[in-house]
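Trainee:
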Amino acid sequence: LQYNQSKSIPTPFVDLPLGATEDRVLGSIDFSSTLKNGGKPIFSPGLLASANRGILYIDEVNLLSAHLVDVILDAAAMGVNTVQREGMMKVHPAKFMLIGTMNPEEGELRPQLLDRFGLMVDVAAPTDVEERCEVVRQRMQYERYPVEFGAAWADAEKDLTEQIKAAQERLPNVILNDELLLLISKICTEFKVGSLRADLTMYKAACALAAYRGRLEVVPEDVKDVTEWVLAHRRRRQPFESPMDGPSMDDLLDE
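Heads up: the sequence shown runs through residues 3 to 257, numbered per the numbering used here.
Given below as C-alpha cells:
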C-alpha cells in the first residue's frame, strides 16, 4: 500500500492467554533485531497492537494479574498504549473492544476494575428440557458436520451482519432527549452507583440498541433493556446482596 491508501481487512480477534507476560501483552524491545541494527532499539509490538481496531478476548479475566488488567483497561479507555523500556518510549494506537469472561466462584474482580467494563451479562445453561436438547443436538451437528452446519446458518448470519451494518450507519443520527437523560441519571442515583461511567455507558448503549432496532430516537424501553447490562456488576456491595437490589425499574419508568 502507498501512503494514504487503505484496505479492508478482517476484524482482528486476539485471544489473550492467561499466562501471558507483560512484555507479550504490551510489547517490548526485540533484542535480536536490536543487535542486528547496531544497538538501535527495535520495538516488538504486543497483543494490544495486534488487537488494534478489533477485539481483545480474555478468558478467566478474574485470574489475570491485577496489574495487567489495569493496564489493559487503561489502554482500552485511552485508545493508545504507551511502552517504556530501557530508555525507549513507544506510543501506538490500541483501540479495541474488550471482552472478558469469568467464573465468580473462582474469585471476583476488584470493584474499581469491574466499573471499567461497560456491560455485563450472566450466562447460564437453559432450564427448559427441549431447549437443552436442541443445544446439544446443534453442538453435535457442528462437531460431526462443521461445513454443512456453517452452510445451514450462513443466511441467518448474513442477515444479522446486514442488520448490524445498518445499525452502525444509523447510530450517529440517533437522538436521546433530555427527559431520558434525566431518567438515566435518576436510575444511577437511585441504585447508588458512584461512577459516572454507568451514566455514559447507559446513554451509549441505549442509542446503540435503538439503532439496532431500526429507530433514530431512543425510547424508554431501550433504557430499560440496557439498564440490567450496565448496572448488574456495579450494584454488588456485599457478598450476599443481589446485584439489582433497590428500587423497581418499572416504578422509575412509570414516574
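C-beta atoms are modelled at their ideal positions from N, C-alpha and C, and glycine is treated no differently.
Which same chain residues, not among the five before or five after Ser187, have their C-beta less than 8 Å away from its C-beta?
Mentor: Closer than 8 Å at the Cβ level, and outside the excluded window around Ser187, lie Asp201.
Trainee: Taking its Cβ as the centre, do 16 or more other Cβ atoms sit within 10 Å of Ile11, making it buried, or is it exposed?
Mentor: It is exposed - the Cβ of Ile11 has fewer than 16 other Cβ atoms within 10 Å.
Trainee: Could you check whether Leu28 and Gly56 sit closer than 7 Å to each other, using their CB atoms as the reference points?
Mentor: For Gly56 and Leu28, no; Cβs fall outside 7 Å.
Trainee: Can you confirm whether Arg172, when its beta carbon is compared against all beta carbons of chain B, has any partner nearer than 7 Å?
Mentor: Although the question refers to chain B, the structure presented lacks it and comprises just one protein chain.
Trainee: Counting Cβ pairs, one atom from each stretch, are 3 or more of them under 8 Å apart for the stretch 109-124 and the stretch 217-235?
Mentor: The stretch 109-124 is in contact with the stretch 217-235.
Trainee: Indicate the three-state DSSP secondary structure (helix, strand or coil) for Gly2 in the structure shown.
Mentor: For the chain, the structure presents residues 3 to 257; residue 2 sits outside this window and is missing.
Trainee: Go through its chain and collect everything with a Cβ distance to Met90's Cβ below 6 Å, but skip five positions before and after it.
Mentor: Same-chain partners within the cutoff: Pro43.
Trainee: Could you compute how far the alpha carbon of Lys206 sits from the alpha carbon of Arg199?
Mentor: Their backbone Cα atoms lie some 11 Å apart in a straight line.
Trainee: Is it true that the stretch 176-190 meets the stretch 128-143, where meeting means three or more beta-carbon pairs spaced less than 8 Å apart?
Mentor: No, because fewer than three Cβ pairs between the stretch 176-190 and the stretch 128-143 fall closer than 8 Å, the two stretches do not touch.
Trainee: Cα-Cα, which of Val16, Trp231, Cys209 is closest to Pro222?
Mentor: Measuring from the Cα of Pro222, the nearest candidate turns out to be Cys209.
Trainee: Taking C-beta to C-beta, are Ala126 and Val176 nearer than 7 Å?
Mentor: Cβ atoms of Ala126 and Val176: not closer than 7 Å.
Trainee: Is it the case that the Cβ atoms of Val85 and Ala53 are separated by a distance below 7 Å?
Mentor: Cβ atoms of Val85 and Ala53: not closer than 7 Å.
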